[in-house]
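Chemist: For reference, each letter of the sequence shown is one residue, going 778 to 1053 in the numbering used here.
Think of the CB as a built atom: it goes at the ideal place given N, C-alpha and C, for glycine as much as any other residue.
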Amino acid sequence: MNEEFEKKLIKDLEKTGFVSEMQAVKIFHSLGWDAKLGKGYFDRDENITREIDLSAYYPVNLKYKDSVCVCSFFNIIAEIKKAEQPWIVFRSHLHPMAQFCAWNNITTSINLPEHPTKLTAFMSKSSLLISQRWEGTGVHHAFKDPSAPSQWYKAFTSVCKAAEDECEANTTEGEKISRDILAEPTEFSFFQPVVILDGTLIAAELSNSGKIVLEEVTSAPFTFEFKTRNYSRSSYRVDLVTMDGLEAYLHLSQQRHTDILEGFRKYIPYPLEEEA
């Protein structure tokens, strides 16, 4: 290939979000996730197929001797946005008594070892929301032309719709509670909508004196309220993560998966070995 032509191609690619997508999938692969770019999903509102930027999963099995007792997947469904100007999130601190955030997560399961309410604490323990003790309540694109469309809202709705579609595709028929974990092993999948920002993320809040305080951050959890005739969940847990913070976020997600598996272990009367 002609060197000058190669430089032009690279320069052209750098203007798009494709380089950011390749960078993100490389980070996933480096930590042992199965990840790929470009995953189709069905948009119920528009009645058409769309494409999400990235889908990834981290599988873990729990075994007793030669029998698989738990087959668990932690999935991340992501849109990737490259931004020259900062995104500013408005920070809202959690109430000191807030401990759980599992009620509006997207999951599917059969043959659980115990009722789902008994697993709520394990599902919440290492969530971004509980770990940081604050959440974002809105996003402002710094220095944005007022007539330009807002990127964040479209990205948030896309990852929620894609996660719903992925959950539906992986839902199987079966009993909610297992009567015999060796004969009826647990199947569990967690679907986390994520927006990855290749750019600067800033948290803004008011001090006690009313002064605006800004802090550069690498992630922000959201309770994203979204509901249409075809999507009735009403709110979703969406995590906004910068490219620089993605590796740490994936480590946290793997810890969250480990916590969920510990919840399963608590209610399974066998010594289980992990098989990733």
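(1) Quick one: what's got a C-beta closer than 8 Å to LEU814's C-beta in the same chain, skipping five residues either side?
(2) I need the DSSP call for SER986, collapsed to helix, strand or coil.
(3) What residue range is occupied by the uninterrupted beta strand (DSSP E) comprising ALA833?
(4) Considering SER797, what are the terminal residues of the alpha helix (DSSP H) in which it resides?
(5) Among the candidates GLY915, THR995, ILE954 and LYS859, whose CA atom is the shortest distance from the CA of LYS792?
(6) How far does the beta strand (DSSP E) with SER996 in it extend, from its first residue to its last?
(7) Strictly by DSSP, which residues pair up with ILE883?
(8) Hey, could you find the ends of the alpha helix (DSSP H) ARG956 is sitting in?
(9) Look at the alpha carbon of ASP1036 and the alpha carbon of SER904, and state the distance between them as a whole number of angstroms.
(10) If you reduce the DSSP assignment to three classes, tell me which class ASP942 lands in.
(11) Helix, strand or coil for ASP1021 per DSSP?
(12) Between PHE999 and GLU856, how many whole angstroms is the CB-CB distance? I'm expecting something under 8 Å.
(13) The alpha helix (DSSP H) with GLU781 in it runs from where to where?
(14) Using DSSP's beta-bridge definition, name the partner residues of ARG868.
(15) Can you look up ARG1033 in the DSSP assignment and give me helix, strand or coil?
(16) Using DSSP with H/G/I as helix, E/B as strand and the rest coil, what is SER849?
(17) In terms of residue numbering, what span does the alpha helix (DSSP H) encompassing ALA919 cover?
(18) From what residue to what residue does the alpha helix (DSSP H) around ALA860 run?
(19) As a quick exercise: from LYS788, LYS1043, LEU871 and ILE853, pick the residue whose alpha carbon is nearest that of ILE958.
(20) Measure the Cβ-Cβ separation of CYS944 and PHE967 and say whether it is below 7 Å.
(21) How many angstroms separate the CA atom of PRO1046 from the CA atom of LEU1027?
(22) With distance defined between alpha-carbon atoms, name the residue in LYS895, ASN888 and LYS902 nearest to THR948.
(23) Using the Cα positions of ALA980 and ASN779, report the straight-line distance between them to the nearest angstrom.
Modeler: Quick answer:
(1) Within the sequence shown, the letter at position 37 stands for residue 814. Short of 8 Å from the beta carbon of LEU814, and not among the five residues preceding or following it, lie these beta carbons of its own chain, in chain order: GLU798, MET799, VAL802, ASP830 and LEU831.
(2) Numbered from 1 along the sequence shown, position 209 holds the residue referred to as residue 986. Coil.
(3) Indexing the sequence shown from 1 puts residue 833 at position 56. Per DSSP, ALA833 belongs to the beta strand (DSSP E) from 825 to 841.
(4) If you number the sequence shown from 1, residue 797 lands on position 20. SER797: member of the alpha helix (DSSP H) spanning 795 to 807, first to last residue.
(5) In the sequence shown, the residue the question calls residue 792 occupies position 15. It is LYS859.
(6) For the purposes of this step, residue 996 is taken as the residue at position 219 of the sequence shown. Element bounds for SER996: 996 to 1003.
(7) Walking along the sequence shown from the start, residue 883 turns up at place 106. In the DSSP output, where bridge partners are listed per residue, ILE883 has PHE968.
(8) Within the sequence shown, numbered from 1, the residue matching residue 956 stands at position 179. Unbroken run through ARG956: none, as it is neither H nor E.
(9) Position 259 of the sequence shown, counting from 1, holds the residue named residue 1036. Position 127 of the sequence shown, counting from 1, holds the residue named residue 904. So the alpha carbons of these two residues sit roughly 10 Å apart.
(10) Taking the sequence shown and counting its residues from 1, one reaches residue 942 at position 165. The answer is helix: DSSP assigns ASP942 an H, G or I state.
(11) In the sequence shown, the residue the question calls residue 1021 occupies position 244. Three-state result, ASP1021: coil.
(12) Walking along the sequence shown from the start, residue 999 turns up at place 222. Walking along the sequence shown from the start, residue 856 turns up at place 79. Going by Cβ atoms, the distance from PHE999 to GLU856 rounds to 13 Å, so no, they are not a contact pair.
(13) Reading the sequence shown from its first residue, position 4 is the one you call residue 781. In the DSSP annotation of this structure, the continuous segment of the alpha helix (DSSP H) that includes GLU781 starts and ends at 780 to 791.
(14) As a working mapping, residue 868 is identified with position 91 in the sequence shown. Paired residues: GLY913.
(15) Walking along the sequence shown from the start, residue 1033 turns up at place 256. Annotated three-state conformation of ARG1033 is helix, per DSSP.
(16) Looking up residue 849 in the sequence shown gives position 72. Judged by DSSP in its simplified three-state form, SER849 adopts strand.
(17) Working through the sequence shown from its first residue, we reach residue 919 at position 142. Run containing ALA919: none; DSSP gives neither H nor E here.
(18) As a working note, residue 860 is residue 83 in the sequence shown. It is not in any alpha helix (DSSP H) - ALA860 carries neither H nor E in the DSSP assignment.
(19) Position 181 of the sequence shown holds residue 958. Ranked by how close their Cα comes to the Cα of ILE958, the residues LYS788, LYS1043, LEU871 and ILE853 have LYS1043 in first place.
(20) For the purposes of this step, residue 944 is taken as residue 167 along the sequence shown, with counting starting at 1. For the purposes of this step, residue 967 is taken as residue 190 along the sequence shown, with counting starting at 1. For CYS944 and PHE967, no; Cβs fall outside 7 Å.
(21) Reading the sequence shown from its first residue, position 269 is the one you call residue 1046. Reading the sequence shown from its first residue, position 250 is the one you call residue 1027. Each residue's Cα considered, the two are about 30 Å apart.
(22) Position 171 of the sequence shown, counted from the start, is the residue given in the question as residue 948. With respect to the C-alpha of THR948, the residue from LYS895, ASN888 and LYS902 having the closest C-alpha is ASN888.
(23) In the sequence shown, residue 980 corresponds to position 203, counting from 1. In the sequence shown, residue 779 corresponds to position 2, counting from 1. Between the alpha carbons of ALA980 and ASN779 lies a distance of about 45 Å.
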